[in-house]
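One structure below.
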Ligand code: PRP
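Numbering (full-length UniProt numbering), first residue to last: 1 to 213.
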């Protein structure tokens, strides 16, 4: 395969696990990959170019075709609903989406109680399914602050170790769903670079299967 593959990687907590998986799948990634502020990193030996993006933006880069493939959390996929293929569960960055609040939280007869979240679309859909009308307030991070200062009664957020909830005196009220990271693909790239992408999926799947055993 002479052509290169452009991969959108999420900066932050998923990054290390995703890079580890790629290395185990046999792709030679340069050392500067792990400890750099560069936003584009080339791996000439692997014939890959990496774009390092904010996790929530990875599906956008892939949908627009500036990246052929990307690594994105299922949470991001559900929130963004981008026109991309989700081809493989990478089984990394396991966490879950949950509703949380103060331990004293009790359902009131309010018309539209406030819920804060970084995932407004997920939250709106979830409460609609539950038959509850809520007002969703979009925040960009530190969501746990909202119930502590009275911005919202409840939050919809990711729980990983549960430490953030615990250290802020919050409790989980309802679990929404389990989350892992996924390999996503631009539909046109999947046609044009099918051999490349099939090989990548096959190699990654082998590593994931091996780790499951
Ligand atoms: C995430 C999430 C929670 C926290 C959960 O935030 O939004 O705040 O991690 O992890 P834990 O259960 O292990 O404590 P992140 O650190 O990604 O930053 P953010 O608050 O800026 O969204």
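Quick reminder that beta carbons are idealized off the backbone N, C-alpha and C, glycines included.
Can you look up residue i in the DSSP assignment and give me helix, strand or coil?
{"i": "residue 22", "result": "helix"}
{"i": "residue 89", "result": "strand"}
{"i": "residue 47", "result": "coil"}
{"i": "residue 163", "result": "helix"}
{"i": "residue 145", "result": "helix"}
{"i": "residue 189", "result": "helix"}
{"i": "residue 73", "result": "strand"}
{"i": "residue 180", "result": "coil"}
{"i": "residue 31", "result": "helix"}
{"i": "residue 151", "result": "coil"}
{"i": "residue 62", "result": "helix"}
{"i": "residue 194", "result": "helix"}
{"i": "residue 37", "result": "coil"}
{"i": "residue 83", "result": "coil"}
{"i": "residue 210", "result": "helix"}
{"i": "residue 202", "result": "helix"}
{"i": "residue 16", "result": "helix"}
Give me the DSSP bridge partner(s) of residue i.
{"i": "residue 42", "result": "49"}
{"i": "residue 174", "result": "99"}
{"i": "residue 8", "result": "51 and 70"}
{"i": "residue 157", "result": "98"}
For ligand 1, I want to know if residue i counts as a neighbour, meaning its beta carbon is within less than 7 Å of at least one of the ligand's heavy atoms.
{"i": "residue 84", "result": "no"}
{"i": "residue 162", "result": "yes"}
{"i": "residue 13", "result": "yes"}
{"i": "residue 142", "result": "yes"}
{"i": "residue 54", "result": "no"}
{"i": "residue 118", "result": "yes"}
{"i": "residue 159", "result": "yes"}
Just confirm the distance between the C-beta atoms of residue i and residue j, as a whole number of angstroms; I'd bet it's less than 8 Å.
{"i": "residue 51", "j": "residue 67", "result": "5 Å"}
{"i": "residue 65", "j": "residue 93", "result": "With 8 Å as the limit, residue 65 and residue 93 do not qualify as a contact, their Cβ atoms being about 25 Å apart."}
{"i": "residue 201", "j": "residue 87", "result": "6 Å"}
{"i": "residue 159", "j": "residue 126", "result": "So it is not a contact: roughly 14 Å between Cβ atoms."}
{"i": "residue 165", "j": "residue 172", "result": "6 Å"}
{"i": "residue 151", "j": "residue 116", "result": "6 Å"}
{"i": "residue 23", "j": "residue 59", "result": "No, residue 23 and residue 59 are not in contact; Cβ-Cβ is about 24 Å, not under 8 Å."}
{"i": "residue 226", "j": "residue 183", "result": "This structure cannot settle anything about residue 226, because the visible part of the chain is limited to 1 through 213."}
Is there at least one non-hydrogen atom of ligand 2 closer than 7 Å to the beta-carbon of residue i?
{"i": "residue 114", "result": "Within the structure as shown, ligand 2 is missing, the only ligands being ligand 1."}
* To do: Could I get the ranges of all uninterrupted beta strand (DSSP E) runs contained in the region 102 to 140, with 3 residues as the minimum, in chain order?
  => Counting only runs of 3 or more, we get 114 to 117 and 135 to 138.
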